[in-house]
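Q: Sending over a structure as structure tokens; questions will come in a sec.
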Amino acid sequence: MTTIVKLEPKQEEEINGFIDGTILITANVSQTVKQEFSEGASSPGYFNRNRNLEDQNDLKREENILCKRSKEFPHTLLQYTLKDFKCDQCDWETSSKSQLTKHLMTHKTSKEFKCNQCDYSTNFNYILTRHLLTHESFKEFQCDQCDYATNIESYLKNHLSAHKILKRLKCTLCNYGTNFTSAFNRHLLTHKTCKELKCTQCDYATNLKSSLNRHLLIHKASKDLKCTQCNYATNYKTALNKHLLTHIQPTQNGN
Numbered sequence: 021m022t023t024i025v026k027l028e029p030k031q032e033e034e035i036n037g038f039i040d041g042t043i044l045i046t047a048n049v050s051q052t053v054k055q056e057f058s059e060g061a062s063s064p065g066y067f068n069r070n071r072n073l074e075d076q077n078d079l080k081r082e083e084n085i086l087c088k089r090s091k092e093f094p095h096t097l098l099q100y101t102l103k104d105f106k107c108d109q110c111d112w113e114t115s116s117k118s119q120l121t122k123h124l125m126t127h128k129t130s131k132e133f134k135c136n137q138c139d140y141s142t143n144f145n146y147i148l149t150r151h152l153l154t155h156e157s158f159k160e161f162q163c164d165q166c167d168y169a170t171n172i173e174s175y176l177k178n179h180l181s182a183h184k185i186l187k188r189l190k191c192t193l194c195n196y197g198t199n200f201t202s203a204f205n206r207h208l209l210t211h212k213t214c215k216e217l218k219c220t221q222c223d224y225a226t227n228l229k230s231s232l233n234r235h236l237l238i239h240k241a242s243k244d245l246k247c248t249q250c251n252y253a254t255n256y257k258t259a260l261n262k263h264l265l266t267h268i269q270p271t272q273n274g275n
């Protein structure tokens, strides 16, 4: 009889996260982070060519992380060694029935969840949600050492690790350092007490033109970006994309 090994709460939470469909990002997706701003990765054609691989890559990534967890915590290996669930259309196998259900959807020719901004489609709601972030012009998480920006916080954390080397350019007013001239010049503006760029409609002021342009949208009476499914309107594309997610209905199996 197989011995049931009790998991620590934190370990159990992380492992259950894979079964529930939680997205975990590791160093394995550093290439995705690197390409987020590249022209090829952001074009509709890119998503069209890779749509058939993305779902399987995501599931494979989850399984790889499970294997990593088993190596770090050998006592959990008993629960994930036997792969009783096998795909009848390929040689893929797993120890989780829910993972098999997800995998079988990658063989479906029809895609239930479709992007309303390009021809990308998928059978997984959480993958579509992440895809929609690629259409946002404003990136919420920005690197303070270079021009890199993203809407996925874990991507930024992975990116920041690349900066943990000797810094060529160092600020004389604080401990900031970077190897990027543009980022260094932008940082120096944060030390200026005088704000050169001022809003003509309120007392807002900044030294960054991009920040001023984003601020000016607050004062616009008209809302240029409108939802096609309700009367919601805004001047911020990131706000519209987040709003559109409220119209996505979950399927019965929770995907």
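The numbering used here numbers the first residue of the sequence shown as 21 and each following residue consecutively.
Idealized CB from N, CA, C, for every residue including glycine.
#1: Hey, quick one: how far does the alpha helix (DSSP H) through Y175 stretch, first residue to last?
#2: For K229 and T220, I'd like the C-alpha separation in whole angstroms.
#3: My assumption, with CB atoms under 8 Å, is that T198 sits in contact with L189. Please give the rounded CB distance.
#4: Residues in the same chain with beta-carbon distance under 6 Å from K240, minus the five sequence neighbours each way, listed in chain order, please.
#5: So which of K184, K212 and H155 has the shortest CA-CA distance to I172?
#6: Taking all protein chains shown into account, decide if I268 is buried (16 or more other Cβ within 10 angstroms of its Cβ) or exposed.
#7: Just list the residues that DSSP pairs S130 with in beta bridges.
#8: Just grab the DSSP bridge partners of A241 for me.
#9: In terms of DSSP beta bridges, what is A225 paired with?
#10: C135 to T149, Cα distance in whole Å?
#11: Which one or two residues does DSSP pair with S141 in a beta bridge?
#12: Could you give the residue range of the alpha helix (DSSP H) that holds K122?
#13: Looking only at its chain, what residues have a beta carbon closer than 6 Å to the beta carbon of Q137, apart from the 5 residues adjacent to it on each side?
#14: Does the separation of the CB atoms of D104 and S118 fall below 8 Å?
#15: In three-state DSSP terms, what is L98?
#16: How long is the line joining the alpha carbons of K122 and K262, rounded to whole angstroms?
#17: If you run the structure through DSSP and keep just helix, strand and coil, what is L193?
#18: Could you pull the DSSP bridge partners for K246 from this structure?
A: In this structure, then:
#1: The residue labelled residue 175 in the question sits at position 155 within the sequence shown. Here the alpha helix (DSSP H) through Y175 covers E173 to L180.
#2: Start at 1 with the first residue of the sequence shown, and residue 229 comes out as number 209. Start at 1 with the first residue of the sequence shown, and residue 220 comes out as number 200. Taking the straight line joining both Cα atoms gives about 14 Å.
#3: In the sequence shown, counting from the first residue as 1, residue 198 sits at position 178. In the sequence shown, counting from the first residue as 1, residue 189 sits at position 169. About 5 Å separates the two Cβ atoms, so the contact holds.
#4: Counting from one through the sequence shown, the residue named residue 240 turns up at place 220. Excluding sequence neighbours, K240 sits near N255.
#5: For the purposes of this step, residue 172 is identified with residue 152 of the sequence shown, where counting begins at 1. When each option's Cα is compared against that of I172, the closest is H155.
#6: The residue you call residue 268 lines up with position 248 of the sequence shown. Result: exposed.
#7: For the purposes of this step, residue 130 is identified with residue 110 of the sequence shown, where counting begins at 1. DSSP output for S130 lists no bridge partner at all.
#8: The sequence position of residue 241 within the sequence shown is 221, counting from 1. Beta-bridge pairing links A241 to no other residue.
#9: In the sequence shown, counting from the first residue as 1, residue 225 sits at position 205. The partner list for A225 (beta bridge, DSSP) reads K218.
#10: By 1-based counting over the sequence shown, the position of residue 135 is 115. By 1-based counting over the sequence shown, the position of residue 149 is 129. Each residue's alpha carbon lies about 9 Å from the other.
#11: In the sequence shown, counting from the first residue as 1, residue 141 sits at position 121. In the DSSP output, where bridge partners are listed per residue, S141 has K134.
#12: On the sequence shown, residue 122 is found 102 positions in, with the first residue counted as 1. Taken as a continuous stretch (DSSP letters only), the alpha helix (DSSP H) holding K122 covers K117 to M125.
#13: For this step, residue 137 is matched to residue 117 along the sequence shown. Hits under 6 Å: H155.
#14: The residue you call residue 104 lines up with position 84 of the sequence shown. The residue you call residue 118 lines up with position 98 of the sequence shown. Contact: no.
#15: The residue given as residue 98 occupies position 78 in the sequence shown. Because L98 carries a pLDDT of 46, less than 50, the predicted location of this residue cannot be relied on, and no value is offered for it.
#16: Taking the sequence shown and counting its residues from 1, the one referred to as residue 122 is at position 102. Taking the sequence shown and counting its residues from 1, the one referred to as residue 262 is at position 242. Distance between the alpha carbons of K122 and K262 is about 25 Å.
#17: On the sequence shown, position 173 is the one that residue 193 refers to. Correct three-state label for L193: coil.
#18: Position 226 of the sequence shown holds residue 246. A253.
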